[in-house]
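Accompanying notes for the structure given below.
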Amino acid sequence: MTTASHRVARPLAGSIALVLVTLTIAGLLVPPNAGGSSANPVTGTFTGPSVLPLLGHSSYTLNGTGGPAFAPNGTKIGNLSYYVSVLGPNLTGVSVAPASGAIIPGYPAVPTLTVGAAPEVLTIQVEITSVHRTQNESFNLTYTVHVVQPYIVSAQIVATTSVTVLSFPLVIDLDGTPVGTVKVPTLTPGQSYNLSYQYATIGLGPGEHTFSISLAQEHGMVAFAGGATEYSSTFYVTGPGTDYTLWYVAGAVAFFGVLFIFATRVAARRRGNVRK
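Numbering-wise, the sequence shown is residues 22 to 297 according to the working numbering.
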């Protein structure tokens, strides 16, 4: 009877050494701080006005963090960048700048949106990308901006003293609540300045509303044309605030004056003589 013999394969010492060398080299190829991952996802925020007047512009604040560009301890080890684009029914005169760039921790990006002459709803699309070596992760968000026909508050201011009046801020109130500020430039004796402020809103509640401006804090150094120190204008809104979005969805692209906010010019109301 013939007995079959079996040989057991044994790894050679050289093979073991080769495997150990290969594993060592592979270990060296993995950086000690490989960057962020799903445990540290990319996130970001985009903040700023959601309503702008026709032909208006405004700056927005864009922040971002996370992803491969940051080590687990929060140290920035890669690149974090952003890309901004705008969608809308009419992009004539609409732009955003800079449309791309780097985001540095503690120094947010500040892109500026400029809108056109068409009332509409714009959608801002933001992509934040975090990159470190071969790793790449992104975060996307959208932001809605309504472009509307604004209320316009305008008046003429005159320097009433024999000395130069330095630049000062002038607060615009709506129904007793501050809604904006206009910077009046330095005025020489007798010089006048035509103030104009645009108040953009997607709708005011029904009833009476009043814009008011006071120069009382300037202690008689300036006055409105005619000598008054205060201006006010009251107007009436009938029915609920206009829902512009419904009209845009319906496909209305033409300007219907009765559906949008009419420009309002403030009228002077004298409240006593200006002291000289």
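Even for Gly, the Cβ is constructed at its ideal location relative to N, Cα and C. Note that the structure is predicted; figures quoted are calculated from it, not measured.
Spatially closest choice to residue i from the options, by CA coordinates
i, options, result
"N84", "G95, V115, I178, V147", "V147"
"G224", "T259, P199, V174", "T259"
"V152", "G137, T96, G114, S102", "S102"
"D194", "T113, V72, T202", "T202"
"G87", "T64, P74, S116, L108", "T64"
"P227", "D196, S121, T133, Y214", "D196"
"F67", "T133, S188, A221", "T133"
"L236", "Y257, V200, P190", "P190"
"A123", "V131, V117, S116", "V131"
"E251", "I234, M242, V243", "I234"
"G77", "P210, Y220, F256", "Y220"
"I15", "H240, L108, Q212, G127", "Residue coverage of the chain in this structure runs from 22 to 297, which leaves residue 15 outside it and unanswerable."
"A139", "V168, G241, Q238", "V168"
"V72", "S183, A244, Q238, Y172", "Y172"
"S121", "V136, V243, I145, G127", "I145"
"V174", "E239, V107, H230, Y218", "Y218"
"E239", "A249, T231, H230, T155", "A249"
Helix, strand or coil at residue i according to DSSP, with G and I counted as helix
i, result
"Q219", "strand"
"Q238", "helix"
"A118", "strand"
"N61", "coil"
"L108", "strand"
"D194", "strand"
"A139", "coil"
"L225", "coil"
"G127", "coil"
"Q212", "coil"
"V147", "strand"
"S71", "coil"
"G201", "strand"
"T255", "strand"
"T133", "strand"
"T250", "coil"
"T207", "coil"
"L76", "coil"
Residue range of the unbroken beta strand (DSSP E) whose run includes residue i
i, result
"G85", "82-86"
"F91", "First-last for F91: undefined, no H or E at that position."
"L187", "Taken as a continuous stretch (DSSP letters only), L187 belongs to no beta strand (DSSP E), as it is neither H nor E."
"S175", "172-180"
"Y246", "It should be noted that the sequence gives Ala, not Tyr, for residue 246. Premise fails: A246 is in no beta strand (DSSP E) and is neither H nor E."
"T113", "From DSSP, T113 is part of no beta strand (DSSP E); its letter is neither H nor E."
"T163", "156-169"
Contact belief for residue i with residue j at Cβ below 8 Å, rounded distance in angstroms
i, j, result
"N157", "P62", "At roughly 13 Å, the Cβ-Cβ gap does not stay under 8 Å, so N157 and P62 are not in contact."
"L143", "V166", "5 Å"
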